[in-house]
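There are 2 protein chains.
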Amino acid sequence: MTQIRFRDPQIDMAHGAGGKASRRLIEGLIAPVLGGSLLEALGDAAFIEAGGARLAFTADSFVVKPLRFPGGSIGDLAVNGTVNDLAVSGAKPVALLVTLILEAGLSTEVLETELRAIAAAAANAGVSIVGGDTKVVEHGAADRMYITTAGMGLADSRVRCSAAAVRPGDRILLSGPIGDHGITILLARGEIELEADLCSDTRSVYPMVEALISSIGDGVKWMRDPTRGGVASALNELAADARVCIAVSEETIPVRDEVRGACELLGLEPMHIANEGQFLAVVARDRADQALDAVRSMPGGEGAVLIGEVRETPARTVLSLSAYGGTRVVDMLVGDPLPRIC
Amino acid sequence: MTQIRFRDPQIDMAHGAGGKASRRLIEGLIAPVLGGSLLEALGDAAFIEAGGARLAFTADSFVVKPLRFPGGSIGDLAVNGTVNDLAVSGAKPVALLVTLILEAGLSTEVLETELRAIAAAAANAGVSIVGGDTKVVEHGAADRMYITTAGMGLADSRVRCSAAAVRPGDRILLSGPIGDHGITILLARGEIELEADLCSDTRSVYPMVEALISSIGDGVKWMRDPTRGGVASALNELAADARVCIAVSEETIPVRDEVRGACELLGLEPMHIANEGQFLAVVARDRADQALDAVRSMPGGEGAVLIGEVRETPARTVLSLSAYGGTRVVDMLVGDPLPRIC
């Protein structure tokens, strides 16, 4: 793989947005220096063989602004985000650690509300919170609270997901409507004047993933939760890592009217908007219908769809095909239209 | 155990300092809400039985100020702190995840320097960095960079450390001089005018811990790295958790002149000052000399000493005995004389 060099003199918001700049920072600086393989650094969870077990291990920091928004809060995201990273890596989420960075002056009520959100989300996802850490920084040295969660899961031996398993002909499954989380955050910040009855989709996707794996086993080749950078960035990473073309049918991708409206108003692409309760899967062609049935049978998965297929060429490219015969290249997110989305 | 209620209306710096206020926040709010057992929340690492293996799992956030100081930097601390939490829990450190919260505008040079410090410390401690996450917040919403590390280790089957194993008559071992890290940070901030040739003691204590376990096996009852809140807070937590008295001989505790001088100037107690490369162990009385020899045989452990013993009464108390016959109670750290020490 070509070695990218990170040449930007300073860190900007876009480097945390999950798109091109993030990938450049990780590929060009973080992964080379820290010595992890590129895929490990970019993938959702690392696997470790330890004492006879195959374990998944992942961590994410959460800096969403505002702390609370329709459908959830930073506490929900911090649990579900890490649970989902484990789930889409093909692991059963088992335990979480929660570390807090608190700004001096934060009201105890706000902290307690988020602790309760964390506890409820963990109970709902079936994971235990087994420990953590709390640091406090001066007023002005953080924005109320940041949460980091680390998660441990047990590898599901029925699957071994990786971009390397993806083959031309495989189908792309999406669990439901995209962009709800990102646009909800944007509206919650009051940055656009728009009346919309929209909620974040934050939730554990593990039940849907489990149903999918139970149904088609190693017919599941690859999974990802399209958070920062959206479906477009996740599919572009897949296209690059698997050296394939991902061709999606534009009209099959479910987007709520409120999300589409906000995107049109702002000149954004729904496929670039963050999700917190959806997942993408690459499934074997001959088991795609069975896969779809499995996900649709689960609460929250009723709107699952097959959105496209894997092709050989043009490699490293995501194409969007319209019903009218048009074809356009869908790039990764560039810049950061929606900072601090998770 | 008596249930403590957390009644403070807001979070202050002292709640992150590792002393009484921290314990009150954890015991009175965080542990009850998150549902973890108290010991898990306060201990250094959680143990999980998974797939036939017994694994240790821990996470810490690092917000030290300044980022670099004599003897180390935030990158060193972030690796060694988590490695040490695993080590003193009786686990061999295996893998780390590193998550970064970066302030927009941070120079790439500063980031790269810390990434290199992380990589070097991990190589030195024999752990792999297997993944992580990067978030960026606006200029002014963080103080340059915060790092959270999560660590996974394999339980060492030769020991099973816990406060419950501690018995009257057991001896207390300390690996070396205390207070170097905390006073180094204070001096690096220029908060006191004092010429001192002092370095942080940040390092992995795993080689010393491993030598100790190899030497006396389950003669090791309990271990802790006395970071925030210092030796006094660690021993008070032990006294409370094991419902015993810890009696230490004041004169046996090694304190460098520079640390003692700074403490006298500031009215601080050296036993309240943070360490980043020392550990405390409770060892069986009849194996205490053997334990001491084992730690002293390791690089960095030459100054190890036996500082006291476990007594039945007065329970939940740490006593300091002077050679002249005086006895005083050593309390946990109250307040936060040294914020953002790690």
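Chains A and B, in that order, are what the protein sequence lines are. Quick note on numbering: the first sequence equals residues -8 to 333 in our numbering. Quick note on numbering: the second sequence equals residues -8 to 333 in our numbering. We put the beta carbon where it would ideally sit given N, CA and C, even for glycine. Nothing here was measured: the structure is a model prediction, and the numbers come from that model.
For A:H6, which residues from the same chain have a beta carbon less than 7 Å from its beta carbon, with the 5 sequence-adjacent residues on both sides left out? On the first sequence, position 15 is the one that residue 6 of chain A refers to. For A:H6, where only same-chain residues beyond five positions count, the Cβ hits under 7 Å are A12, S13, L16.
Buried/exposed call for A:G43, threshold 16 Cβ in 10 Å: Within the first sequence, the letter at position 52 stands for residue 43 of chain A. A:G43 comes out exposed.
A:L203 touches chain B at which residues, Cβ-Cβ below 7 Å? As a position in the first sequence, residue 203 of chain A is number 212, starting the count at 1. Those within 7 Å of A:L203 in chain B number zero; the least Cβ separation is about 22 Å.
Helix, strand or coil: which one does DSSP assign to A:P84? If you number the first sequence from 1, residue 84 of chain A lands on position 93. A:P84 falls in the strand class under three-state DSSP.
Check this for me: beta carbons of B:S195 and B:N71, under 7 Å apart or not? Taking the second sequence and counting its residues from 1, the one referred to as residue 195 of chain B is at position 204. Taking the second sequence and counting its residues from 1, the one referred to as residue 71 of chain B is at position 80. It is a contact, given that the beta carbons lie within the stated cut-off.
Using a beta-carbon distance below 7 Å, is A:L87 in contact with chain B? The residue given as residue 87 of chain A occupies position 96 in the first sequence. It does not; no Cβ of chain B falls within 7 Å.
Quick one: what's got a C-beta closer than 6 Å to A:V121's C-beta in the same chain, skipping five residues either side? Taking the first residue of the first sequence as 1, we reach residue 121 of chain A at position 130. If we look at A:V121 and ignore the five residues flanking it on each side, its Cβ neighbours are A86.
Which of helix, strand or coil does DSSP assign to B:G268? Taking the first residue of the second sequence as position 1, residue 268 of chain B is located at position 277. Note: B:G268 maps to coil in three-state DSSP.
Give the secondary structure of B:I120 by DSSP, where H, G and I count as helix, E and B as strand, and everything else as coil. Position 129 of the second sequence, counting from 1, holds the residue named residue 120 of chain B. Residue state, collapsed to three classes: strand.
Assumed close pair B:V274, B:P261 - CB separation to whole angstroms, cut-off 8 Å: Position 283 of the second sequence, counting from 1, holds the residue named residue 274 of chain B. Position 270 of the second sequence, counting from 1, holds the residue named residue 261 of chain B. 23 Å between Cβ atoms; not a contact.
Backbone CA spacing between A:A116 and A:I138 [nearest angstrom]: Residue mapping note: residue 116 of chain A aligns to position 125 of the first sequence, counting from 1. Residue mapping note: residue 138 of chain A aligns to position 147 of the first sequence, counting from 1. Roughly 18 Å between the two C-alpha positions.
Is it right to say A:R(-4) is buried, meaning 16 or more other beta carbons lie within 10 angstroms of its own, or is it exposed? Locating residue -4 of chain A in the first sequence gives position 5, where the first residue counts as 1. The residue in question, A:R(-4), is exposed, as its Cβ has fewer than 16 Cβ neighbours within 10 Å.
Please compile the residues from chain A whose C-beta is within a distance smaller than 8 Å of the C-beta of B:I(-5). On the second sequence, position 4 is the one that residue -5 of chain B refers to. The contacting residues do not exist; B:I(-5) stays about 14 Å from chain A at best.
Closest to B:S191 by CA distance: which of B:A113, B:D232, B:E40, B:G291 is it? On the second sequence, residue 191 of chain B is found 200 positions in, with the first residue counted as 1. Considering only alpha carbons, the answer is B:G291.
Backbone secondary structure at A:L29 - three-state DSSP: What you label residue 29 of chain A is simply residue 38 of the first sequence in a count that begins at 1. Because the pLDDT of A:L29 is 45, which lies under 50, any placement of that residue in the model is unreliable, and the number read from its coordinates should be weighed accordingly. Here A:L29 sits in helix by DSSP.
6 Å CB neighbourhood of A:A141 in its chain, flanking five on each side removed: Indexing the first sequence from 1 puts residue 141 of chain A at position 150. Result list for A:A141: A50, L88, in chain order.
Give a yes or no on whether the minimum CB-CB distance between A:T125 and chain B is below 7 Å. Against the first sequence, residue 125 of chain A aligns to sequence position 134. With 7 Å as the cut-off, A:T125 counts as an interface residue toward chain B.
Please compile the residues from chain A whose C-beta is within a distance smaller than 9 Å of the C-beta of B:V54. For this step, residue 54 of chain B is matched to residue 63 along the second sequence. Simply I92, K126, V127, V128, A132, A133.
Mind checking whether A:C236 and A:R302 have CB atoms under 7 Å apart? Counting from 1 along the first sequence, the entry for residue 236 of chain A is found at position 245. Counting from 1 along the first sequence, the entry for residue 302 of chain A is found at position 311. Closer than 7 Å, so yes.
Going by CA-CA distance only, name the one from A:S119, A:G258, A:I169, A:V157 that's closest to A:D216. On the first sequence, position 225 is the one that residue 216 of chain A refers to. Nearest C-alpha to A:D216: A:I169.
For the beta strand (DSSP E) holding A:T318, just list the boundary residues, first then last. Residue mapping note: residue 318 of chain A aligns to position 327 of the first sequence, counting from 1. Segment 318 to 320, the beta strand (DSSP E) holding A:T318.
Express the C-alpha separation of A:D284 and A:D277 in angstroms, rounding to a whole number. In the first sequence, the residue the question calls residue 277 of chain A occupies position 286. In the first sequence, the residue the question calls residue 284 of chain A occupies position 293. Using only the alpha carbons, I get a separation of about 13 Å.
Top-ranked residue by Cα proximity to A:G81, from A:M289, A:F60, A:R234, A:A37: Along the first sequence, read from residue 1 onward, the residue named residue 81 of chain A stands at position 90. The option with the nearest alpha carbon to A:G81 is A:A37.
Three-state secondary structure assigned by DSSP to B:V101: Translated into the one-based positions of the second sequence, residue 101 of chain B becomes position 110. Three-state result, B:V101: helix.
When the Cα atoms are used, what is the spatial distance from A:K212 to A:T193? Counting from one through the first sequence, the residue named residue 212 of chain A turns up at place 221. Counting from one through the first sequence, the residue named residue 193 of chain A turns up at place 202. In a straight line, the C-alpha of A:K212 is about 24 Å away from that of A:T193.
Quick check on the burial criterion: 16 or more other C-beta atoms within 10 angstroms. Buried or exposed for B:G160? The residue you call residue 160 of chain B lines up with position 169 of the second sequence. Flag for B:G160 reads exposed.
Can you tell me the Cβ-Cβ gap for A:A238 and A:G181, rounded? I've got them flagged as a contact below 8 Å. Position 247 of the first sequence, counted from the first residue, corresponds to residue 238 of chain A. Position 190 of the first sequence, counted from the first residue, corresponds to residue 181 of chain A. A:A238 to A:G181, Cβ: 38 Å. No contact.
Under 7 Å, Cβ to Cβ, is there at least one residue of chain A near B:L29? As a working mapping, residue 29 of chain B is identified with position 38 in the second sequence. Any answer about B:L29 is weak, because its pLDDT of 45 lies below 50 and its placement is not dependable; what the coordinates show is given next. Cβ-Cβ to chain A under 7 Å: no for B:L29.
So what's B:V74 in DSSP terms, helix, strand or just coil? As a working note, residue 74 of chain B is residue 83 in the second sequence. Residue state, collapsed to three classes: helix.
Given A:R151 as reference, the closest of A:Q281, A:R45, A:D3 once Cα atoms are compared: Indexing the first sequence from 1 puts residue 151 of chain A at position 160. Measuring from the Cα of A:R151, the nearest candidate turns out to be A:R45.
Of all the options A:E255, A:G317, A:L271, which has the alpha carbon lying nearest to the alpha carbon of A:E242? Position 251 of the first sequence, counted from the start, is the residue given in the question as residue 242 of chain A. Here the closest residue by C-alpha is A:G317.
Do you know offhand how far A:A223's Cα is from A:S311's? Numbered from 1 along the first sequence, position 232 holds the residue referred to as residue 223 of chain A. Numbered from 1 along the first sequence, position 320 holds the residue referred to as residue 311 of chain A. Taking the straight line from one Cα to the other gives about 10 Å.
Under 9 Å from the C-beta of B:L20: neighbouring residues of chain A: For the purposes of this step, residue 20 of chain B is taken as the residue at position 29 of the second sequence. By Cβ distance, chain A contributes T99, L102, E103, L106.
Along the chain, which unbroken stretches of the beta strand (DSSP E) at least 3 residues long are found entirely within the region 270 to 324 of chain A? 271 to 274, 296 to 302, 308 to 312, 318 to 320
Comparing the C-beta of B:Y197 with each C-beta of chain A, is any distance below 7 Å? Residue mapping note: residue 197 of chain B aligns to position 206 of the second sequence, counting from 1. Taking Cβ atoms only, chain A never reaches closer than 7 Å to B:Y197, which makes this a no.
Tell me whether B:I92 sits in a helix, a strand or coil according to DSSP, three-state version. What you label residue 92 of chain B is simply residue 101 of the second sequence in a count that begins at 1. Three-state DSSP puts B:I92 in a strand.
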